[in-house]
Amino acid sequence: MFRKKDLLIIIPFLAAAGILALWFGAKPSYGIAIVEKDGKEVCRFDLSEQKTSRIIDIGGSMNIKLLLEPGAISFYRSDCPDQTCVRTGRLTKPGQAAVCLPGKVSVRVISDGNSVKKYDGYTG
Amino acid sequence: MLKKKKIAVVLALLAAVLIFAVPVCIKYSRGSKAYETSGYAMGTYILQTVYGENGREASDRASEKIHNLENKISWRINSSEIAKLNKQAGKGSTAVDKETCSILKTSLDVAEKSDGAFDPTILPVSSLWGFGGGKPHLPDENKIKSAVGLVGYAKLEVGADGRSASLASVGSGVDLGGIGKGAACDAAVAEYKKRGAKAGIVAAGGSIGVYGTKPDGSAWNIAVRDPDSTDDKSSAMGEINISSGFVSTSGPYEQYFVSNGKTYHHLLNPKTGYPENNDLISVTVTAENGALSDALSTACFVLGRKKGSRLLEKYGAGGVFIDKAKKVYVTDNLNGKFKISEDGYKLAD
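Protein chains in written order, with our numbering: chain A, 3 to 126; chain B, 3 to 351.
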């Protein structure tokens, strides 16, 4: 016969499992932003860990600056003539990328294991 | 009594294990082994994700193939076959290899079937505008008129031997910018197959090629960029699910400039020499060949929805046309494969 006393054993297990499940499964996650210059990685940022907004000076021939925000990264400015990189806007999901072709600087977001890569690629 | 109690405790423990294990398993299954690389070629950013034990080798070899292809077909590279062909315009034929020849043939086929809406000999016009390299600007009107006279796919001939090509008029020139990124996807996918990769996806600018079956067995989920997003321009307006093949999108929203309050984009009409301004803001094409999907997306943008749809029928290709009112027209062969994911867009009846 199941008794109320048994709950004293069961509940702590369920509570511990629930907390661990939340920790691993439900933690907000946006992915890792990888910044590359001339095809080589220069830095990476965990977008989920960003608590404040700041400007990252990448420099180079186009004097590129990135804007790193909680959960997002974008090209803040570039001296390139076409401004395609700046117009790409904020990257917030794994699989997204923005590129400054004249400056040969790219930013792409990859999954950190927790974040779901919703799309395998972007066309357009 | 004691037995029932033990069963209850065991069941509770099992439940606890499941509650913990399921999210953890999901977490690690998301991060399936994949080799991801990026680089620059064909005047654009190339992103590859290749699955399988030899994913790295397949990806590296694909990168080499794409660079080799660029060295053959880019008119900007002086030593390329296309640059030599352009220098030889009006003077005779130039040797080209099998791959270049195949791309030229595809471009001529699309040019003919689209009645010149896509034209590989657009270089005299495209070089004036400066998109894709230089500083884009509004060219002199008279220069555009003169340049349009030099454009015409009938001037380009591919030798019957499949090893040579020629341009009939001095001043004519080939620009494969409207097909090269798709051709780069073809080259990468061929390499994934050759190297025995389990699966892979390559993105070259607006073109994408997929190969094989993803580790989780699901179809490749390709986002169609939202042409009208305000803040997050890398967001999607919809998605296409494909198990194989290629996808390309042409839209005026990426490469453009504003001069005297007017916007000029890079999708040029070969017959007028000016950016095509019709009712469309984006065209996405799916095909079994990357070069074809790329050329067709450009051709369809210039042709407009109705003529573009008829062109796609000739190739058995699929299409998603988006107009300025955000109405989305999808060809029948993409029914069930495309869906809208962004508010504001509506499927046309």
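For each residue, glycine too, the CB sits at the ideal point set by N, CA and C.
Integer Cβ distance of residue i from residue j, believed to fall under 8 Å
i         : j         : result
Ala289(B) : Phe248(B) : 6 Å
Leu106(B) : Pro126(B) : That pair is no contact at about 17 Å.
Gly292(B) : Ala199(B) : So it is not a contact: roughly 17 Å between Cβ atoms.
Ser171(B) : Gly92(B)  : 5 Å
Lys183(B) : Gly207(B) : 4 Å
Ser209(B) : Ser295(B) : 7 Å
Lys74(B)  : Ser82(B)  : 6 Å
Ala74(A)  : Arg46(A)  : Actually they do not touch by this definition, with Cβ atoms about 15 Å apart.
Tyr47(B)  : Leu103(A) : 7 Å
Pro229(B) : Ile283(B) : 5 Å
Own chain residues within Cβ distance below 8 Å of residue i, not counting five before or after
i        : result
Ile57(A) : Lys67, Leu68, Leu69, Leu70 and Tyr78
Candidates the options: closest to residue i by CA position
i         : options                                       : result
Gly57(B)  : Ala85(B), Asn262(B), Val112(B) and Tyr213(B)  : Tyr213(B)
Leu336(B) : Pro254(B), Ala327(B) and Leu349(B)            : Leu349(B)
Gly346(B) : Asn144(B), Thr333(B), Gly94(B) and Asp325(B)  : Asp325(B)
Ser261(B) : Arg197(B), Gly198(B), Lys137(B) and Ile283(B) : Lys137(B)
Val176(B) : Ala162(B), Asp188(B) and Ser129(B)            : Ser129(B)
Phe259(B) : Ala17(A), Gly126(A), Arg89(A) and Gly41(A)    : Arg89(A)
Ser50(A)  : Gly126(A), Asp114(A), Lys119(A) and Glu38(A)  : Asp114(A)
Glu38(B)  : Ile146(B), Glu55(B) and Gly161(B)             : Glu55(B)
Ala297(B) : Leu313(B), Ala43(B) and Glu143(B)             : Leu313(B)
Ser174(B) : Val150(B), Ala189(B), Arg197(B) and Ala162(B) : Val150(B)
Gly94(B)  : Asp334(B), Gly161(B) and Asp281(B)            : Gly161(B)
Ile68(B)  : Gly135(B), Ile79(B) and Met44(B)              : Met44(B)
Lys119(A) : Val101(A), Cys87(A), Thr94(A) and Cys82(A)    : Thr94(A)
Ile84(B)  : Asp334(B), Gly135(B), Gly179(B) and Ser311(B) : Gly179(B)
Thr125(A) : Cys187(B), Leu140(B) and Glu143(B)            : Cys187(B)
Cut-off 6 Å between Cβ atoms - residues of its own chain near residue i, not counting five sequence neighbours on either side
i         : result
Glu101(B) : none
Arg110(A) : Ile36 and Ala99
Ala36(B)  : Thr51 and Tyr53
Leu49(B)  : Ser40 and Ala205
His268(B) : Phe133 and Gln257
Glu159(B) : Ser168
Lys328(B) : Gly346 and Tyr347
Pro25(B)  : Low local confidence applies: a pLDDT of 49 at Pro25(B) is under 50, so the model's placement there is unreliable, with the coordinate-based value given in what follows. Around Pro25(B): no qualifying Cβ.
Ser245(B) : Ala221
Val285(B) : Ser252, Ser299, Cys302, Phe303 and Phe323
Cross-strand partners of residue i (DSSP beta bridge)
i         : result
Cys302(B) : For Cys302(B), which the question treats as bridged, DSSP gives no partner whatsoever.
Trp222(B) : Ile244(B)
Ser261(B) : Lys264(B)
Gly61(A)  : Ile66(A)
Tyr155(B) : Bridge partners of Tyr155(B): none, in fact.
Glu38(A)  : Glu43(A) and Ser108(A)
Tyr78(A)  : Answer is none; Tyr78(A) lacks a bridge partner.
Proximal residues to residue i (C-beta, below 7 Å), its chain only, five neighbours per side dropped
i         : result
Pro14(A)  : none
Ala225(B) : Ala238 and Glu241
Ser63(A)  : Gly105
Ile112(A) : Gly33, Ile34, Ile36 and Pro96
Tyr121(A) : Gly97
Tyr331(B) : Arg307, Phe323 and Ala350
Ala113(B) : Phe120, Asp121, Pro122 and Tyr155
Arg165(B) : Ala97, Val98 and Cys103
Pro72(A)  : Gln52 and Lys53
Ser116(B) : Ala301, Leu305 and Leu313
Residue-level contact to chain D via CB, residue i, 8 Å cutoff
i        : result
Arg79(A) : Protein chains A and B are contained in the structure displayed, whereas chain D is not.
Self-check item: Three or more C-beta pairs below 8 Å linking the region 240 to 253 of chain B and the region 333 to 342 of chain B
Solution: yes
Practice problem: Give a yes or no on contact between the region 217 to 232 of chain B and the region 134 to 154 of chain B, applying the rule of three or more CB pairs nearer than 8 Å. | Solution: No: fewer than three Cβ pairs fall under 8 Å.
Quiz item: On the three-pair Cβ rule with 8 Å, is the region 264 to 278 of chain B touching the region 85 to 102 of chain B?
Solution: no
Quiz item: Should the region 54 to 70 of chain B be regarded as contacting the region 184 to 198 of chain B, the criterion being three or more beta carbon pairs within less than 8 Å?
Solution: yes
Quiz prompt | contact_flag[the region 250 to 259 of chain B, the region 293 to 305 of chain B] where n(CB pairs < 8 Å) is 3 or more | solution = Three or more pairs of CB atoms, one per stretch, sit closer than 8 Å, so the region 250 to 259 of chain B contacts the region 293 to 305 of chain B.
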